[in-house]
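Numbering (my numbering), first residue to last: 2 to 397.
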């Protein structure tokens with residue numbers, strides 16, 4: 002492996018949902034980024050994958066996986082239990098949901114991304130994991146991130162994300178700041194490709210047109226970096242890929258037909274590709290397990306499998322049971338998506354899925370073997386000259 006000089010200029014670009022299969026098919030920047038590898042992602046969504054990239058740790062270690070987690074004692078909405086008498090037509094009304102969303106964001110400290118993605122009647126049993134900006138120091142609750150390390154070491158860096166800018170502005174600002182010599186480490190998070198691919202993953206002409214724009218901008222960014230430092234490094238990463246959707250299934254309806262009650266018998270959170278359950282009676286557990294076993298669209302993950310995937314939490318915060326859809330399937334009733342949302346592409350399947358691999362593309366040989374998205378952390382730390390993992394103890 003090559004050795005990098007921490008005084009060199011390094012630019013890391015994270016393009017959300019840009020998978021290995023697509024990058025290779027497009028030949029994306031293959032002439033200027035010859036060091037290329039697929040990266041195995043983690044089970045789940047960006048809410049778990051990106052913290053893994055920024056810390057080098059599995060979700061069970063850094064604490065971030067799905068956005069909503071079970072926390073009946075610490076829920077900011079515990080007071081809603083006193084409103085159990087309010088009928089659903091009022092409590093679950095879109096105006097009420099909007100008010101709760103703004104209350105969570107502006108008053109209860111849940112951060113600007115909080116959304117009322119479970120029924121308000123169930124909110125008192127849940128909490129929201131991403132309260133802070135994960136792209137800033139102290140943004141990840143259970144582990145030191147690359148930004149903690151950079152701040153502690155006094156490495157001059159710049160970070161750009163959707164918290165303040167759109168993709169075009171990020172690319173423009175980064176180019177200006179590189180030219181001005183304001184830092185040696187740059188991190189750009191470009192999020193708009195994720196939304197684009199949800200609706201255009203099977204449209205090859207649109208994909209080529211959209212990615213041609215990113216290719217042009219990144220070539221300009223690399224040229225600007227090399228004008229300042231001929232040894233400048235450019236590395237493009239992603240958190241996961243995007244799988245074409247072919248089938249839909251209404252799992253929430255299947256479970257509701259069992260005649261059980263939430264939150265008395267069980268709790269369920271339905272996401273796009275998985276459902277998580279908490280059980281409060283043996284009868285509810287057995288009925289739900291039996292119904293899930295009869296479905297052909299997915300399967301229940303074993304405890305051993307969740308352990309291997311780094312998502313088995315001993316405190317049950319992310320579920321007693323996880324039902325995962327097979328690649329290409331989508332839950333038609335989801336807590337996280339608006340009614341009628343039918344994308345042509347989705348992520349959040351098992352990491353073994355062909356389309357789920359993320360990317361590592363660079364003009365420099367990586368200092369460590371790049372096999373999973375967790376390796377992105379070591380690559381960034383080495384580029385910034387942060388070799389000593391023991392320094393993390395000084396942060397937390």
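Using N, Cα and C, we set each Cβ at its ideal position, and we do this for glycine too.
Please read these numbers as outputs of a predicted model, since none were measured by experiment.
Checklist entry - Under a Cβ-count criterion, where at least 16 other Cβ atoms within 10 Å of its own Cβ denotes burial, should residue 366 be classed as buried or exposed? => result Mapped onto the chain shown, residue 366 falls at position 365. Per the 10 Å Cβ criterion, exposed.
Checklist entry - Which same chain residues, not among the five before or five after residue 273, have their C-beta less than 7 Å away from its C-beta? => result Counting from 1 along the chain shown, the entry for residue 273 is found at position 272. Once the five neighbours on either side are set aside, the close Cβ partners of residue 273 are 331, 332, 335, 337, 338, 347, 349.
Item to check | Selection from 244, 82, 248, 306 that minimises the alpha carbon distance to residue 297 | outcome: Position 296 of the chain shown, counted from the start, is the residue given in the question as residue 297. Checking every option, the nearest Cα to that of residue 297 belongs to 248.
Checklist entry - Which stretch, first to last residue, makes up the beta strand (DSSP E) that contains residue 270? => result Looking up residue 270 in the chain shown gives position 269. That run of the beta strand (DSSP E) goes 267 to 271.
Item to check | Distance between residue 88 and residue 97 (C-alpha atoms, nearest Å) | outcome: Indexing the chain shown from 1 puts residue 97 at position 96. Indexing the chain shown from 1 puts residue 88 at position 87. Each residue's alpha carbon lies about 12 Å from the other.
Checklist entry - Which same chain residues, not among the five before or five after residue 285, have their C-beta less than 6 Å away from its C-beta? => result Translated into positions along the chain shown, residue 285 becomes position 284. Excluding five sequence positions before and after residue 285, the CB atoms of its chain that fall closer than 6 Å to its own CB belong to 261, 266, 267, given in chain order.
Checklist entry - What are the boundary residues of the alpha helix (DSSP H) that residue 212 is part of? => result Taking the chain shown and counting its residues from 1, one reaches residue 212 at position 211. The continuous alpha helix (DSSP H) containing residue 212 extends over residues 205 to 229.
Checklist entry - DSSP on residue 68, reduced to helix/strand/coil? => result Here residue 68 refers to the residue found at position 67 of the chain shown. DSSP places residue 68 in coil when its eight states are reduced to three.
Checklist entry - Would you say the region 370 to 382 touches the region 34 to 41, given that touching needs at least three Cβ pairs under 8 Å? => result Verdict: yes, contact present.
Item to check | Alpha carbon of residue 241 to alpha carbon of residue 353, nearest angstrom | outcome: Locating residue 241 in the chain shown gives position 240, counting from the first residue. Locating residue 353 in the chain shown gives position 352, counting from the first residue. Distance between the alpha carbons of residue 241 and residue 353 is about 11 Å.
Checklist entry - Over what stretch of residues does the alpha helix (DSSP H) that includes residue 360 continue unbroken? => result The residue given as residue 360 occupies position 359 in the chain shown. First-last for residue 360: 359 to 363, but that is the beta strand (DSSP E), not the alpha helix (DSSP H).
Item to check | Burial state of residue 181, where buried means 16 or more other Cβ atoms lie within 10 Å | outcome: Taking the chain shown and counting its residues from 1, the one referred to as residue 181 is at position 180. That one is exposed.
Next on the checklist: Tell me the rounded alpha-carbon separation between residue 373 and residue 290.
Outcome noted: Looking up residue 373 in the chain shown gives position 372. Looking up residue 290 in the chain shown gives position 289. Using only the alpha carbons, I get a separation of about 32 Å.
Next on the checklist: Quick check: residue 125 and residue 82, are their CB atoms within less than 8 Å of each other?
Outcome noted: As a working mapping, residue 125 is identified with position 124 in the chain shown. As a working mapping, residue 82 is identified with position 81 in the chain shown. Cβ distance < 8 Å, so residue 125 and residue 82 count as in contact.
Next on the checklist: Pairs of beta-carbons, one from the region 173 to 193 and one from the region 153 to 165, closer than 8 Å: are there three or more?
Outcome noted: Proximity of the region 173 to 193 to the region 153 to 165 meets the contact definition, three or more beta-carbon pairs being nearer than 8 Å.
Item to check | Rounded C-alpha distance that separates residue 113 from residue 231 | outcome: By 1-based counting over the chain shown, the position of residue 113 is 112. By 1-based counting over the chain shown, the position of residue 231 is 230. Counting only the Cα atoms, residue 231 lies some 39 Å from residue 113.
Item to check | Given residue 21 as reference, the closest of 252, 360, 369 once Cα atoms are compared | outcome: For this step, residue 21 is matched to residue 20 along the chain shown. For the set 252, 360, 369, the Cα lying nearest the Cα of residue 21 is the one of 360.
Checklist entry - Skipping 5 residues on each side, what residues in its chain have a beta carbon closer than 6 Å to that of residue 176? => result The residue you call residue 176 lines up with position 175 of the chain shown. Cβ within range, chain order: 222, 225.
Checklist entry - So residue 65 and residue 141 are in contact, right, with Cβ under 8 Å, and what is the actual spacing, rounded? => result For the purposes of this step, residue 65 is identified with residue 64 of the chain shown, where counting begins at 1. For the purposes of this step, residue 141 is identified with residue 140 of the chain shown, where counting begins at 1. About 6 Å separates the beta carbon of residue 65 from that of residue 141, a gap short enough to meet the 8 Å contact definition.
Item to check | residue 423, enclosing beta strand (DSSP E) - first and last residue | outcome: Nothing in the structure corresponds to residue 423, since the chain is present only between 2 and 397.
Item to check | the region 307 to 325 / the region 48 to 63 touching (three or more Cβ pairs under 8 Å) | outcome: Output reads yes: the region 48 to 63 touches the region 307 to 325.
Checklist entry - residue 237 and residue 14 look like a contact to me (Cβ under 8 Å); what is the Cβ gap, rounded to whole Å? => result Taking the chain shown and counting its residues from 1, one reaches residue 237 at position 236. Taking the chain shown and counting its residues from 1, one reaches residue 14 at position 13. So it is a contact: roughly 5 Å between Cβ atoms.
Checklist entry - What's the C-alpha gap between residue 4 and residue 92? => result In the chain shown, the residue the question calls residue 4 occupies position 3. In the chain shown, the residue the question calls residue 92 occupies position 91. A caution first: residue 4 carries a pLDDT of 42, below 50, which makes its placement in the model too unreliable to give a value.
Checklist entry - Does the separation of the CB atoms of residue 327 and residue 299 fall below 8 Å? => result Here residue 327 refers to the residue found at position 326 when the chain shown is read from its first residue. Here residue 299 refers to the residue found at position 298 when the chain shown is read from its first residue. The criterion of a C-beta distance shorter than 8 Å is satisfied by residue 327 and residue 299.
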